[in-house]
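Here the protein sequences line up with chains A and B, keeping their order.
Going left to right, the first sequence walks through residues 1 to 352 as full-length UniProt numbering numbers them.
Going left to right, the second sequence walks through residues 1 to 352 as full-length UniProt numbering numbers them.
2 protein chains.
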Amino acid sequence: MSNYWNSFTRKLDPYVPGEQPKDRKYVKLNTNENPYPPSANVLAAIKDAANDQLRLYPDPNCDELRGKIADHFQLDAEQVFIGNGSDEVLAFSFMTFFSPENPVAFADITYSFYKVYANLCSLSPKIIPLNNDFTLPADAFCEPNGGVVIPNPNAPTGRGLPIESIKYILNANKDQVVIIDEAYIDFGGSTAVPLIKDYPNLLVVRTLSKYSSLAGIRVGFALGQKDLINGLNTVKNSFNSYTIDRLAGAGAIAAIDDDAYYRDMAQKIIATRERTIMQLNAIGFSVIPSQSNFIFASHKTAAAEVIFHALREHGVLVRYFNQPRIDNYLRITIGTDEEMDKLMEALKDILK
Amino acid sequence: MSNYWNSFTRKLDPYVPGEQPKDRKYVKLNTNENPYPPSANVLAAIKDAANDQLRLYPDPNCDELRGKIADHFQLDAEQVFIGNGSDEVLAFSFMTFFSPENPVAFADITYSFYKVYANLCSLSPKIIPLNNDFTLPADAFCEPNGGVVIPNPNAPTGRGLPIESIKYILNANKDQVVIIDEAYIDFGGSTAVPLIKDYPNLLVVRTLSKYSSLAGIRVGFALGQKDLINGLNTVKNSFNSYTIDRLAGAGAIAAIDDDAYYRDMAQKIIATRERTIMQLNAIGFSVIPSQSNFIFASHKTAAAEVIFHALREHGVLVRYFNQPRIDNYLRITIGTDEEMDKLMEALKDILK
């Protein structure tokens, strides 16, 4: 703290991202990155964009990328907003649509950045406890509130939400924006994108960090009716005109074009996930059903925090959240089959 | 406007960046880009970083780049904050240090994003009129206020501020943060960086967009004492953990290393600027003395707005601001000698 900080800054409680270790090489299953490389066309497009034109500003409106994403989802370009990672898109969304006088609803067990955004925007969150099995109590999101944010599938549990529940929540919240954060949707969930045409209150947020294996280039986007997208652009253009650089833009365009490659990789990840769940069950873990590229697991006798530290000693990083209700769970990213074999070996050694 | 926008968003008045035209090829002297390419090492470093590691998140703290910048300026890494372009750095600075109850002081003729940031942060600006010759009235910045923002050199005038005036303003504002925005400092200005050790209230903001010829990769930074940098990190980490992607980070590191190349390019730009000023004087323009990579010029008989549109017809883009006191001026970026020859040809044709 410093006398130079304003009162707004003094009350902030920043997000803490998963560790990006530099001390040694780990089997890195802690930040839900894709274990497979970006497509060759993406890397080629970026190399191609690394030219003299970097002296020039990028297109502040990302017209080419927006058109590409719009075509992919059968939407208009005016229904697409691009940001510097879905975290920036979410930050702008909180700034644009939610108000201090009306609490914004999100779950007690969810992406922990939501409460940071709420704080950033001086919003009072309305925390909705998940059911005991970590399913979402849709009714609780239908009571009066000033907006809704739900990840589908949820993080860190991995549980997907049926599209009928989303419709139910959208119908009960006609006057507020409902954000469905689909960061992990491509690993088995049901997307809400087809609902956009019928629901002016729906904003779907996506990222290239997981499915498209591009956490390193920071591109996320929001899909929704034009009014919502215009609002996001108004806030963004009051903050930073050029949020997407020429290199990330070029890589993102190629990634959208290369969907067939990414679909195959997602299928591999899903197969590895199911294999891993069976193996974990066999050594005493219970695992929440997952529709994402990570699983949330708890052991019947060994404490999660102990396993977490022991795994680190064994060179395997997973994520542990020391917070009520989930302090006996580990969030484990699905890596390659080889990486998951190393995880299993380490776990067997730890639990023996 | 939409019913879904909150009251904050309804009152915003976004920044309008200079045109990035797509309809035809122009001599582009409208957004103060560097006419020379980034160094070959920068392009090589970016190509090298376009690899499988893009599947992983970047370092959220940009430790390597911060270390490099710190060494370059003989500061500690803890005195460096990195952002997605200096516009993002400035937005975070307004959010961190200024308060609605105390007006932040900036000039009437200055970078027009400042009033957008003030609006974004619900601040009431204290607008200080420049003197008639567009010099800065330092005394007016020493009256009670809640913070100060000054570009040195100023935009769009190009006028530099003597370091003694900056010291004078810093001494009179010990309890508020004084931001010196040095986007254009490397084209002849005197940097305030050596004052950082003595002034805990000084924040110097820089960009790689101009001097380093990297407007296309979006990297800016702030230099100041650790308390100020910690404040910026607190706000940034409440907004977006990973603002700098792997590619921009790699390019920026190479750019800092390649300072000798950029110094040469800056010298060429300065030589072209002085040549252009003489040529403009010869055809009836008066030009404000410039220490930047652009000039601010007014013709003795022809109206700036008329010349602006006629130049566009001739395939030359410059910037015109339709606002009081400067509505008879053109802001002209210094391009290559060949580009400036085309400007002069077009002007001679227009004014004949």
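No residue lacks a Cβ here, since even glycine has one placed at the ideal position from N, Cα and C.
Which class does residue i belong to by DSSP, given the choice of helix, strand or coil?
i              : result
PHE296(B)      : strand
PHE285(A)      : strand
ASP181(A)      : strand
ARG319(B)      : strand
THR96(B)       : helix
PHE73(B)       : coil
THR272(A)      : helix
LEU343(B)      : helix
VAL42(B)       : helix
residue 434(A) : Not covered by the structure: residue 434(A). The range shown for chain A is 1 to 352.
VAL27(B)       : strand
ARG10(A)       : helix
LEU161(A)      : coil
ARG312(A)      : helix
VAL193(B)      : helix
LEU65(A)       : helix
ILE169(A)      : helix
LEU247(B)      : helix
ASP59(A)       : coil
VAL16(B)       : coil
ASP258(B)      : coil
TYR211(A)      : coil
Which one or two residues does DSSP pair with residue i in a beta bridge?
i         : result
PHE81(B)  : ALA222(B)
ALA105(A) : LYS126(A), VAL148(A)
VAL204(A) : ILE180(A), LEU223(A)
ARG331(B) : PHE296(B), ARG319(B)
Starting from the Cα of residue i, find the closest Cα among the options and give me that residue.
i         : options                                    : result
ASN237(B) : GLN176(A), ASP48(A), ASP87(A), GLU78(A)    : ASP87(A)
ASP337(A) : ALA297(A), ALA303(A), ARG275(A), ILE307(A) : ARG275(A)
SER213(A) : ALA40(A), TYR329(A), THR243(A)             : ALA40(A)
ARG10(A)  : VAL235(B), ILE150(B), VAL149(B)            : VAL235(B)
PHE113(A) : PHE94(A), PRO129(A), ALA254(A)             : PHE94(A)
SER290(A) : PRO156(A), HIS309(A), LEU195(A)            : PRO156(A)
GLY85(B)  : LYS115(A), SER241(A), ILE109(A), GLY335(A) : SER241(A)
GLU140(B) : ASP349(B), GLN323(B), ASN173(B)            : Reading off the sequence, residue 140(B) comes out as Ala, not Glu. Closest option to ALA140(B), Cα to Cα, is ASN173(B).
LYS300(A) : PHE294(A), GLY284(A), ILE288(A)            : GLY284(A)
MET278(B) : LEU43(B), PRO37(B), MET344(B), TYR57(B)    : MET344(B)
VAL148(B) : GLY315(B), LYS115(B), LEU232(B), ASP133(B) : LYS115(B)
HIS72(A)  : LEU130(A), PHE221(A), GLN323(A), ILE269(A) : PHE221(A)
ALA138(A) : ASN328(A), PRO17(A), LEU161(A)             : LEU161(A)
ASN152(B) : ALA215(B), VAL193(B), ASN132(B)            : VAL193(B)
ALA45(B)  : ALA248(B), ARG273(B), ASN328(B)            : ALA248(B)
LYS25(A)  : TYR211(A), LEU317(A), ALA183(A)            : LEU317(A)
CYS142(B) : ASN154(B), ASN132(B), ASP175(B)            : ASP175(B)
ASN132(A) : LYS342(A), LEU120(A), ILE326(A), LEU330(A) : ILE326(A)
THR31(B)  : LYS352(B), PRO324(B), ARG319(B), ASP341(B) : ARG319(B)
LEU12(A)  : SER122(A), ASN61(A), TYR57(A), PRO58(A)    : SER122(A)
SER165(A) : LEU136(A), GLY188(A), ALA183(A), ASN154(A) : LEU136(A)
PHE92(A)  : PHE239(A), ALA303(A), ARG331(A)            : PHE239(A)
TYR199(A) : GLN267(A), ILE244(A), PRO103(A), LEU228(A) : LEU228(A)
ASP259(A) : TYR57(A), LYS47(A), LYS68(A), TYR15(A)     : LYS68(A)
Report all residues from its chain with a CB closer than 8 Å to the CB of residue i; omit the five preceding and five following residues, and keep chain order.
i         : result
ILE196(A) : LEU75, GLN79, LEU202, VAL204, LEU223, GLY224, GLN225
ASN322(B) : GLU305
TYR262(B) : SER39, ASP186, TYR211, SER212, SER213, ALA255
PRO100(B) : CYS121, SER122, LEU123, SER124
Once you ignore the five residues that flank residue i on each side, which residues in its own chain have a CB closer than 6 Å to its CB?
i         : result
ILE185(B) : THR191
ARG312(A) : none
ASP181(A) : PRO151, VAL205
VAL219(B) : LEU208, ALA248, ALA252
Within its chain, find whatever has a CB closer than 7 Å to the CB of residue i; leave out the 5 residues flanking it on each side and keep chain order.
i         : result
GLU64(A)  : ILE253
GLY335(A) : VAL27, LEU29, PRO35
Return the Cβ separation of residue i and residue j in integer angstroms, given the expectation that the two are a contact with Cβ distance under 8 Å.
i         : j         : result
ASN145(B) : LYS167(B) : At roughly 17 Å, the Cβ-Cβ gap does not stay under 8 Å, so ASN145(B) and LYS167(B) are not in contact.
ILE128(A) : ALA105(A) : 6 Å
GLU19(B)  : THR333(B) : Not a contact, Cβ separation roughly 12 Å.
GLY231(A) : PHE97(A)  : 7 Å
ARG246(A) : ALA118(A) : About 33 Å separates the two Cβ atoms, so there is no contact after all.
HIS314(A) : ALA282(A) : The Cβ separation is near 19 Å, so there is no contact.
ILE163(B) : PHE134(B) : Contact flag wrong, Cβ pair sits at about 19 Å.
ASN51(A)  : LEU43(B)  : 7 Å
ARG55(A)  : PRO37(B)  : 6 Å
ILE169(B) : VAL177(B) : 12 Å between Cβ atoms; not a contact.
GLY158(B) : ILE269(B) : At roughly 12 Å, the Cβ-Cβ gap does not stay under 8 Å, so GLY158(B) and ILE269(B) are not in contact.
SER298(B) : ASN328(B) : 5 Å
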